[in-house]
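Trainee: Below is one structure. I have some questions about it.
Protein chains: 4
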Amino acid sequence: MAKIPVGILGATGMVGQQYIALLADHPWFEARYVAASPRSAGKKYAEAVAGRWQPTREYAPSVGGLVVEDANDVAKALAAFQRGDCAFVFSALEMGKDEIRSLEEAYAGAGIPVVSNASAHRWTSDVPMLIAEVNPQHTDIIHAQRKNRGWDRGFIAVKPNCSIQSYMTPLFALVQAGYEVKRLIVNTMQAVSGAGYPGVASLDIIDNVVPYIGGEEEKTEREPLKILGSIAGGAIQNAEEPVISAHCNRVPVVDGHTACVSLEFGAKKPSLDEVKRIWTQFRALPQELELPMAPKQPIILREEADRPQPRKDRDAGKGMAVTIGRIRPCNIFDLRFAALSHNTIRGAAGGGILNAELLKAKGFVVY
Amino acid sequence: MAKIPVGILGATGMVGQQYIALLADHPWFEARYVAASPRSAGKKYAEAVAGRWQPTREYAPSVGGLVVEDANDVAKALAAFQRGDCAFVFSALEMGKDEIRSLEEAYAGAGIPVVSNASAHRWTSDVPMLIAEVNPQHTDIIHAQRKNRGWDRGFIAVKPNCSIQSYMTPLFALVQAGYEVKRLIVNTMQAVSGAGYPGVASLDIIDNVVPYIGGEEEKTEREPLKILGSIAGGAIQNAEEPVISAHCNRVPVVDGHTACVSLEFGAKKPSLDEVKRIWTQFRALPQELELPMAPKQPIILREEADRPQPRKDRDAGKGMAVTIGRIRPCNIFDLRFAALSHNTIRGAAGGGILNAELLKAKGFVVY
Amino acid sequence: MAKIPVGILGATGMVGQQYIALLADHPWFEARYVAASPRSAGKKYAEAVAGRWQPTREYAPSVGGLVVEDANDVAKALAAFQRGDCAFVFSALEMGKDEIRSLEEAYAGAGIPVVSNASAHRWTSDVPMLIAEVNPQHTDIIHAQRKNRGWDRGFIAVKPNCSIQSYMTPLFALVQAGYEVKRLIVNTMQAVSGAGYPGVASLDIIDNVVPYIGGEEEKTEREPLKILGSIAGGAIQNAEEPVISAHCNRVPVVDGHTACVSLEFGAKKPSLDEVKRIWTQFRALPQELELPMAPKQPIILREEADRPQPRKDRDAGKGMAVTIGRIRPCNIFDLRFAALSHNTIRGAAGGGILNAELLKAKGFVVY
Amino acid sequence: MAKIPVGILGATGMVGQQYIALLADHPWFEARYVAASPRSAGKKYAEAVAGRWQPTREYAPSVGGLVVEDANDVAKALAAFQRGDCAFVFSALEMGKDEIRSLEEAYAGAGIPVVSNASAHRWTSDVPMLIAEVNPQHTDIIHAQRKNRGWDRGFIAVKPNCSIQSYMTPLFALVQAGYEVKRLIVNTMQAVSGAGYPGVASLDIIDNVVPYIGGEEEKTEREPLKILGSIAGGAIQNAEEPVISAHCNRVPVVDGHTACVSLEFGAKKPSLDEVKRIWTQFRALPQELELPMAPKQPIILREEADRPQPRKDRDAGKGMAVTIGRIRPCNIFDLRFAALSHNTIRGAAGGGILNAELLKAKGFVVY
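Have a look at this one:
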């Protein structure tokens with residue numbers, strides 16, 4: 001089967017590079033169109049990333065030879081779309097929020113689906129914010145989105161922030177099993193790769209912890225409510241629970257965000273064994289559809305006293321699984337645990353690719 | 001004024017070394033007696049710590065020449081006590097808990113006051129567990145302790161675990177100002193020096209976080225209740241509040257424990273400004289007495305968005321102050337903040353020396 | 001084809017774990033016999049390594065269920081050999097040198113080939129010290145070894161220290177191309193995993209460099225001379241050149257040893273372009289035989305100014321390739337460069353497995 | 001005695017901050033004039049560095065209130081000079097080399113002495129490049145400099161690069177003792193603070209080593225020749241020896257540059273004991289004059305096998321001493337050793353202040 005050609009907007013940035021790296025041997029998709037800032041436009045991709053390539057995995061040789069286009073030039077992308085070189089784009093744009101919002105709309109308006117890693121459209125009410133195992137049904141809002149905006153083929157779908165990935169799927173698994181979750185106090189210890197490149201200065205993080213990441217706590221507290229929301233009246237209506245209070249910290253770890261969670265259930269409270277059973281047995285639509293990026297086991301439980309650990313667990317399920325440990329009662333709420341996910345794979349490019357796979361499987365992306 | 005001669009039990013271990021280092025230029029005390037395991041006994045101190053000296057500060061030349069005694073040999077210490085070479089001992093023993101408990105009692109029983117860093121006697125009801133700014137009045141229990149045990153001059157006083165030092169003084173300051181604190185969810189990010197030497201293996205912590213420290217959460221949750229307790233019937237009666245739920249993590253930081261705290265007040269709730277005022281203005285008995293190790297300002301507030309940070313703030317007040325930042329409301333409880341203290345200074349040897357200064361000032365240590 | 005069953009001595013130690021991890025999907029070999037210290041003997045392997053498993057890759061499920069035998073019990077191994085469960089053993093023993101020497105001889109004397117990672121037999125003159133790409137012809141000394149010792153099937157083959165792996169193959173490639181190398185000043189910056197587990201204390205290496213590794217400089221300076229030696233009179237005769245002077249340092253890196261080299265040629269000196277050509281084109285017997293662990297390209301040149309780097313290059317060629325960069329003239333000698341190899345893969349278990357593949361291909365291991 | 005008022009150009013940058021921090025309790029000098037880029041000009045110093053202050057030590061309260069001036073505005077500085085608020089300036093300018101060269105000349109031309117940390121004038125033949133213990137006599141070139149340029153009171157004096165500080169004083173001590181040094185192969189392992197702030201990205205250095213620092217090897221190889229040079233014909237004539245070949249690496253260390261050195265003497269070769277004696281006994285003009293920043297013992301020998309180490313030795317002599325260890329013969333040259341100095345104190349602001357003290361003591365700075 002011929003692979004589906006895809007474009008990457010912001011292809012030379014750190015998240016863009018991760019897309020390119022993860023697509024190098026993807027069974028469905030192939031990077032055939034790369035766009036970035038005007039500064040990189042016109043260069044070959046290999047040249048544009050020379051000395052700045054971050055992933056340990058290499059890019060596909062064919063991508064090295066692609067000419068980088070100007071991401072602002074939607075017409076160029078449309079031409080690629082029309083000649084069959086770009087069925088949809090991954091947006092890993094790094095610009096101001098307003099510019100990204102407009103530009104993603106311009107691509108979608110031109111008929112090119114946009115599967116975005118950017119935060120610009122996360123709070124647009126007719127744009128789904130997807131974690132493929134949690135709210136795959138939110139893709140339905142795309143019909144309303146197209147109708148609202150008069151778009152035929154194009155659409156925008158986004159993914160949430162990397163900081164919530166480690167506990168969002170476990171949280172959802174509990175809710176889905178019938179246990180209401182009322183409140184959550186979350187403490188994250190986040191890897192430096194979450195800040196992009198050059199990102200965190202080494203002088204700020206060697207032998208240190210920084211107890212602040214600009215804007216991160218707000219995202220961590222709000223995004224789960226949209227993800228757990230429901231569709232009504234052509235918009236996603238946010239859930240009202242759980243209330244989340246977050247402390248977000250930066251730690252000297254390359255990849256892998258850890259979260260320590262204290263969680264309060266509603267009246268109906270599962271036993272610890274029941275919690276473990278729910279998490280171990282949790283499977284969702286991506287697993288059922290056997291999507292290529294979907295981890296076979298979305299939530300992995302470690303029984304050792306001292307896991308999960310970022311260096312040892314981040315690559316579980318090829319970086320797409322969540323690893324959980326230290327499941328124990330909370331003295332104040334009901335449940336305590338530690339959770340970990342790979343922020344640049346599940347939390348960024350890998351999560352975006354899985355979303356695209358879901359959208360393809362559901363027929364929103366056609367080729 | 002001639003300095004008071006002191007002994008250090010466990011003088012070659014990591015905490016013992018910190019005592020030796022901090023006493024190098026202490027205005028009241030002078031290390032004149034050093035004891036350790038039989039393995040080190042008979043060696044000169046300089047020889048016993050050669051290649052194992054951890055503090056960046058050097059030991060006093062006079063200490064290098066002291067012969068290390070066997071810490072199990074209480075008679076040797078008593079002889080030193082009687083000839084005026086050891087008015088009391090700091091216990092930094094590293095043995096089994098039961099052995100430490102017996103040995104500290106043997107010293108006290110022989111008439112030698114023991115100011116201990118060990119955890120063995122923390123839950124003995126007639127032994128005070130002191131933070132000099134928080135519960136200096138708990139030294140009064142020593143009268144009952146002596147009476148209970150038939151001791152005349154000797155006694156035992158201990159200090160709490162390093163993990164609670166960063167938030168215990170701020171917590172107490174609020175309580176003292178009349179604001180009941182009901183519940184606390186605490187997430188600590190603790191330095192490797194807290195585990196002693198060799199302690200944490202580098203393979204476990206470079207590019208990593210370990211979300212578990214054996215026994216630490218239990219200590220973190222229980223010890224504040226004794227410290228906030230009151231004396232009645234010849235014993236310290238534990239407080240019943242606040243209820244604490246802790247997540248203790250090890251991070252790649254050399255020195256300095258950070259805590260992220262969510263805190264719930266009782267019915268009476270201070271404003272953020274009132275909280276800041278209470279903390280900034282907090283002074284206690286050690287400041288009033290101008291004890292040498294007492295920080296002039298016990299609680300330092302940083303207004304920057306990203307402080308406190310271990311590498312930048314651990315040395316505040318010569319390692320004896322607590323630094324606080326990120327004071328903000330909690331979505332679930334009332335107050336959120338981040339707090340930091342130096343675990344091997346305030347949290348270990350420095351805290352022990354301050355306790356000894358308090359005991360000296362109050363007349364429990366005589367010379 | 002049925003896989004060849006192999007045993008691992010010292011299977012629960014850090015290098016032993018790496019063998020188990022790398023053998024998990026090896027096309028020729030299968031771990032079927034595991035032995036360790038009496039402390040682990042009798043436990044299932046999964047139980048014996050619980051909480052101590054270091055590799056990021058998991059062990060094969062079948063290995064988890066193997067009962068760990070006592071490595072001192074050669075009879076047990078012989079029984080396994082005779083029933084077809086152990087065609088040869090990898091030695092990753094961690095004991096005193098003399099004990100390892102005797103024990104490896106006992107296995108070989110019992111007829112069980114020993115492919116060793118230990119240093120005990122590196123200087124035994126009839127034991128080959130192999131880097132498969134450099135001195136594969138040294139396997140011939142096994143004939144003399146067997147004759148000297150009256151062994152029929154058994155033998156011992158060892159591999160050199162991890163610190164020389166990064167520059168030994170490049171050095172050999174130059175020699176083989178006809179350029180005599182007279183002198184070499186080498187500065188290594190070595191990863192903590194080279195010291196085993198728990199190995200380097202975190203307090204010794206966070207925010208630090210240790211300019212000393214016990215015994216390492218001596219090995220670094222001497223071992224190349226045996227590897228470049230020739231067989232004569234039933235023994236390996238050491239080469240006399242190059243003279244090496246080493247500075248070995250420990251740095252806060254998890255995996256990957258870096259070496260900075262200044263090198264002096266004899267009268268005939270290649271141009272930098274010639275050096276690059278030699279290294280890029282270098283292939284040896286393992287590549288010719290397409291041995292499973294052999295990297296396709298043994299020496300990889302990076303043209304970027306700032307490579308090789310341990311975190312970015314250690315996994316090149318699945319951890320079996322050497323990466324070189326910064327090729328430039330030396331102000332004093334002739335050539336300067338930086339070289340890197342993965343110390344626990346190429347420098348330990350991976351190198352040992354490649355040696356076993358070579359010995360199998362040459363008929364020394366039969367099954 | 002009233003303190004001498006000094007100015008700091010580039011006062012908000014990382015080196016400028018170090019000057020401010022080290023001057024906070026300097027017995028001779030007081031920061032009274034601060035200048036930086038136009039972006040900071042007009043702000044109070046406290047405001048200009050808010051959230052960007054790097055040193056662990058705080059600035060003097062009086063400095064926090066100074067208004068930052070535009071460093072390009074020499075007239076402003078001259079006014080301060082004339083009203084007695086700035087007897088000379090420290091230059092920690094961070095601009096293009098040509099701009100710095102011109103600007104420093106403008107200050108000197110206006111009559112304001114410039115004691116510079118910048119590299120712009122290091123190769124100007126009538127500008128001394130001073131290490132106060134090594135070439136204090138080079139201050140004499142200032143007479144020629146003033147005459148060449150028609151300056152009366154102003155002059156420029158610079159200091160060398162931080163990478164050579166650890167071995168330059170030891171090298172000089174040997175030369176001064178009558179032992180010619182012919183050749184030197186140096187491998188540096190340099191701290192991230194050497195790259196300024198934000199400087200090295202954490203993604204480039206956590207769990208990593210970067211074997212390249214732009215321009216550093218050239219400086220390391222050339223600067224010692226000027227420092228060891230002699231004054232003739234109104235210019236400093238560079239020495240011709242030693243020939244130096246350098247490998248400069250960046251390691252995950254906050255502060256402290258380590259160098260591993262192999263050194264070849266001329267015909268006359270000292271014993272190791274003689275080398276140790278020379279280094280231990282070395283004292284120079286700054287010690288004789290008891291300059292405030294001068295370490296009592298400029299070269300400290302550590303006998304332990306594994307020292308010097310950056311975290312443990314960088315603060316020796318308040319960061320102004322060089323610490324040496326691992327003194328042993330070289331297999332190829334004559335002598336091997338490891339040396340360490342604090343790059344932001346001795347290697348930057350501390351070295352600059354010591355130079356100013358020397359210039360004051362010699363009468364070049366008047367007030």
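Chains as they are written, first to last, in my numbering: chain Y, 1 to 367; chain V, 1 to 367; chain U, 1 to 367; chain F, 1 to 367. Where a beta carbon is used, it is the ideal one built from N, C-alpha and C, also for glycine.
1. Give every residue of the same chain whose Cβ lies closer than 8 Å to the Cβ of L78/Y, excluding the five residues on either side of it in the sequence, and list them in chain order.
2. Tell me, please, whether the CB atom of S202/V is closer than 8 Å to any CB atom in chain U?
3. Quick one: which residues of the segment 140 to 163 of chain F get their C-beta closer than 7 Å to a C-beta of chain U? List them in chain order.
4. Kindly list, in the order they appear in chain Y, the residues whose Cβ is closer than 7 Å to that of T56/U.
5. Using the Cα positions of A259/V and Q309/V, report the straight-line distance between them to the nearest angstrom.
6. Who are the neighbours of I205/V on chain U, taking C-beta pairs under 8 Å?
7. Could you check what DSSP says for V67/Y in three-state terms: helix, strand or coil?
8. Using a Cβ-Cβ cut-off of 7 Å (strictly less than) and excluding sequence neighbours within five positions of K3/V, which residues of its own chain qualify?
9. For chain Y, is any of its Cβ atoms less than 8 Å away from the one on R215/U?
10. Rounded to a whole number of angstroms, what is the C-alpha to C-alpha distance between T188/Y and I332/Y?
11. Residues of chain Y with a CB under 9 Å from the CB of P198/V: which are they?
12. Give me the chain V residues within the contact set of A50/F, using Cβ-Cβ distance strictly less than 9 Å, ordered along the chain.
13. For the segment 245 to 266 of chain Y, which residues have a beta carbon sitting closer than 7 Å to at least one beta carbon of chain F?
14. Short of 7 Å Cβ to Cβ, which residues in the segment 58 to 76 of chain V face chain U?
15. Here's a check: name, in chain order, each residue in its chain whose Cβ is nearer than 6 Å to the Cβ of P211/Y, leaving out the five neighbours to either side.
16. From the DSSP output, in three-state form, read off I300/V for me.
17. Does any residue of chain V have a CB that is nearer than 8 Å to the CB of C435/Y?
18. Quick one: measure Cβ to Cβ for I244/Y and L184/Y, integer angstroms, because I've assumed they're closer than 8 Å.
19. So, are the CB atoms of V450/V and E223/V less than 8 Å apart?
20. Might you give, ordered along the chain, the residues of its own chain that have their beta carbon closer than 6 Å to the beta carbon of L289/F, omitting 5 neighbours on each side?
21. Looking only at C-alpha atoms, which of A338/Y, K318/Y, L340/Y, F364/Y sits nearest to L383/Y?
22. Please work out which residues of its chain come closer than 6 Å, Cβ to Cβ, to I300/U, disregarding the five sequence neighbours upstream and downstream, and give them in chain order.
23. Find the residues of chain V that neighbour E221/Y, judging by a C-beta separation of less than 9 Å, and give them in chain order.
24. Can you check whether the C-beta of R32/Y is within less than 8 Å of a C-beta belonging to chain V?
25. Taking DSSP as the reference, what is the three-state secondary structure of C162/F?
26. For E216/U, is the classification buried or exposed, using 16 other Cβ atoms within 10 angstroms of its Cβ as the cut-off for buried?
27. Is the CB of V192/U under 8 Å away from at least one CB in chain V?
28. Please determine, among P55/Y, L66/Y, V49/Y, the residue with the shortest C-alpha to C-alpha distance to V6/Y.
29. Output the boundary residues of the beta strand (DSSP E) element that contains A79/F.
30. Identify the continuous alpha helix (DSSP H) that holds L291/V and give its terminal residues.
31. Which residues in chain V sit within 9 Å of R326/Y, going by Cβ to Cβ distance?
32. Measuring only the C-alpha atoms, how far is I164/F from S341/F?
33. Could you check where the beta strand (DSSP E) with M14/U kicks off and where it finishes?
34. Going residue by residue through the segment 188 to 251 of chain V, where are the continuous alpha helix (DSSP H) segments of at least 4 residues, counting only ones entirely within it?
35. In the DSSP assignment, the alpha helix (DSSP H) including I332/F goes from what residue to what residue?
36. Where does V366/U land, buried or exposed, given buried means 16+ other C-beta within 10 angstroms?
Mentor: For this structure:
1. For this step, residue 78/Y is matched to residue 78 along the first sequence. Within the same chain, Cβ atoms closer than 8 Å to the Cβ of L78/Y are found at A110, G111, I112, the five residues on either side in sequence being excluded.
2. Locating residue 202/V in the second sequence gives position 202, where the first residue counts as 1. With 8 Å as the cut-off, S202/V counts as an interface residue toward chain U.
3. Within the segment 140 to 163 of chain F, no residue has a Cβ that lies closer than 7 Å to any Cβ of chain U.
4. Here residue 56/U corresponds to residue number 56 of the third sequence, with the count starting at 1. Near T56/U (Cβ distances below 7 Å), the residues of chain Y are K312, D315.
5. Position 259 of the second sequence, counted from the first residue, corresponds to residue 259/V. Position 309 of the second sequence, counted from the first residue, corresponds to residue 309/V. Inter-residue distance for A259/V and Q309/V is about 11 Å (C-alpha atoms, whole angstroms).
6. Stepping through the second sequence from its first residue, residue 205/V is reached at position 205. Result: S202, I206.
7. To locate residue 67/Y, count along the first sequence from 1; it is residue 67. Strand, per DSSP.
8. If you number the second sequence from 1, residue 3/V lands on position 3. The beta carbon of K3/V is closer than 7 Å to those of W28, F29, E30 in its chain, skipping five residues each way along the sequence.
9. Translated into positions along the third sequence, residue 215/U becomes position 215. The question names Arg, but residue 215/U is Gly in the sequence shown. G215/U does not count as touching chain Y.
10. Indexing the first sequence from 1 puts residue 188/Y at position 188. Indexing the first sequence from 1 puts residue 332/Y at position 332. The alpha-carbon of T188/Y is positioned some 19 Å away from that of I332/Y.
11. Working through the second sequence from its first residue, we reach residue 198/V at position 198. Residues of chain Y whose Cβ lies closer than 9 Å to the Cβ of P198/V do not exist, since the nearest Cβ in that chain is about 17 Å away.
12. What you label residue 50/F is simply residue 50 of the fourth sequence in a count that begins at 1. Those within 9 Å of A50/F in chain V are E303, E304.
13. Here the close residues are P252, V254.
14. Within the segment 58 to 76 of chain V, not one residue has a Cβ closer than 7 Å to any Cβ of chain U.
15. Translated into positions along the first sequence, residue 211/Y becomes position 211. So the qualifying residues of the chain are N249.
16. In the second sequence, residue 300/V corresponds to position 300, counting from 1. Of the three classes helix, strand and coil, the one that applies to I300/V here is strand, per DSSP.
17. With chain Y represented from 1 up to 367, any question about residue 435/Y goes unanswered, as that position is not in the structure.
18. Residue 244/Y sits at position 244 when you count from the first residue of the first sequence. Residue 184/Y sits at position 184 when you count from the first residue of the first sequence. Sure, about 5 Å apart at Cβ, within 8 Å.
19. This structure does not reach residue 450/V, given that chain V is present from 1 up to 367, and the question cannot be answered.
20. Within the fourth sequence, numbered from 1, the residue matching residue 289/F stands at position 289. The beta carbon of L289/F sits closer than 6 Å to the beta carbons of A361 from its chain, once the five residues preceding and following it are set aside; these are given in chain order.
21. Outside the displayed span of chain Y (1 to 367) sits residue 383/Y, for which this structure offers no information.
22. Against the third sequence, residue 300/U aligns to sequence position 300. Excluding sequence neighbours, I300/U sits near A316, A321, T323.
23. Stepping through the first sequence from its first residue, residue 221/Y is reached at position 221. Per Cβ cutoff of 9 Å: N331.
24. Looking up residue 32/Y in the first sequence gives position 32. Residue-level contact check: R32/Y does not touch chain V, since none of the beta carbons of chain V fall below 8 Å from its beta carbon.
25. One-based indexing of the fourth sequence puts residue 162/F at position 162. DSSP, reduced to helix, strand and coil, places C162/F within a helical segment of the structure shown.
26. Along the third sequence, read from residue 1 onward, the residue named residue 216/U stands at position 216. Around the Cβ of E216/U, a 10 Å sphere holds 16 or more other Cβ atoms; the residue is buried.
27. Translated into the one-based positions of the third sequence, residue 192/U becomes position 192. At least one chain V Cβ lies under 8 Å of V192/U.
28. Locating residue 6/Y in the first sequence gives position 6, where the first residue counts as 1. Check the Cα spacing between V6/Y and each of P55/Y, L66/Y, V49/Y: the tightest is with L66/Y.
29. Against the fourth sequence, residue 79/F aligns to sequence position 79. Note, A79/F: premise wrong, no beta strand (DSSP E); alpha helix (DSSP H) at 74 to 82.
30. For this step, residue 291/V is matched to residue 291 along the second sequence. Annotation: L291/V is outside any alpha helix (DSSP H) and is labelled neither H nor E by DSSP.
31. Walking along the first sequence from the start, residue 326/Y turns up at place 326. The contacting residues are P211, Y212, H247.
32. Within the fourth sequence, the letter at position 164 stands for residue 164/F. Within the fourth sequence, the letter at position 341 stands for residue 341/F. Each residue's Cα considered, the two are about 9 Å apart.
33. As a first step, residue 14/U is located in the third sequence; it is residue number 14 there, counting from the start. Unbroken run through M14/U is the alpha helix (DSSP H), 14 to 23; no beta strand (DSSP E).
34. Runs of the alpha helix (DSSP H) inside the segment 188 to 251 of chain V: 202 to 205, 216 to 227.
35. Along the fourth sequence, one-based indexing puts residue 332/F at 332. Judged by DSSP secondary structure, I332/F falls outside any alpha helix (DSSP H); it is assigned neither H nor E.
36. Taking the first residue of the third sequence as 1, we reach residue 366/U at position 366. Counting Cβ neighbours within 10 Å, V366/U comes out exposed, since fewer than 16 surround it.
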